[in-house]
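Have a look at the structure below before the remarks.
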């Protein structure tokens, strides 16, 4: 069973209220994920789910191979890029992807770990969030 967008939004709003001045994007995400996990068998934990769409955002100093490294890792994980937006701004790049992970045998957490390796190697920032959490967090 999957969690509804309205329930995620409710959990997110509660997390923001409880965190108050400490409500950073990362803190809210962690509280939302813990809350979802605490619901037990009724809802898969966001970082353990397989399938569905995820939002990948990346930025940093532009250098050869950045996009190739990210897309190669996604391809090896059997993920499909549904949409991509990339922009160069002077020495910096930004990229947003919608990625379908439904055919991947890896969990979201596994894919996030692969992106962390690339992030560390290339000295860039990469965030990967399940679409439902991303939508709920960015409606507020």
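Numbering (the numbering used here), first residue to last: 14 to 153.
Each residue gets a CB set at the ideal place from its N, CA and C atoms; glycine is no exception.
- Partner residues in a beta bridge of residue 128, as assigned by DSSP, do not exist.
- Residue pairing for residue 101: DSSP places it in a beta bridge opposite 106.
- Where residue 69 is concerned, the enclosing beta strand (DSSP E) starts and stops at 66-74.
- Residue 132 counts as buried, since at least 16 other C-beta atoms from the protein chains shown sit within 10 angstroms of its C-beta.
- In this structure, residue 90 sits away from residue 52, with a CB-CB distance that is not shorter than 7 Å.
- Taking C-beta separations shorter than 8 Å and ignoring five residues to either side along the sequence, the partners of residue 123 in its chain run 90, following chain order.
- Bridge pairing for residue 112: 67 and 94 [DSSP].
- The C-beta distance from residue 83 to residue 95 rounds to 15 Å, too long to fall under 8 Å, and the pair is not in contact.
- Here DSSP, grouped into helix, strand and coil, assigns residue 52 to coil.
- Taking residue 67 as the centre and dropping the five residues before and after it, the same chain places the C-beta of 112, 114, 121, 141, 142, 143 and 144 closer than 7 Å to its C-beta, in chain order.
- In the three-state scheme derived from DSSP, where H, G and I count as helix and E and B as strand, residue 119 is classed as coil.
- Looking at the backbone, the Cα of residue 137 and that of residue 99 are separated by about 14 Å.
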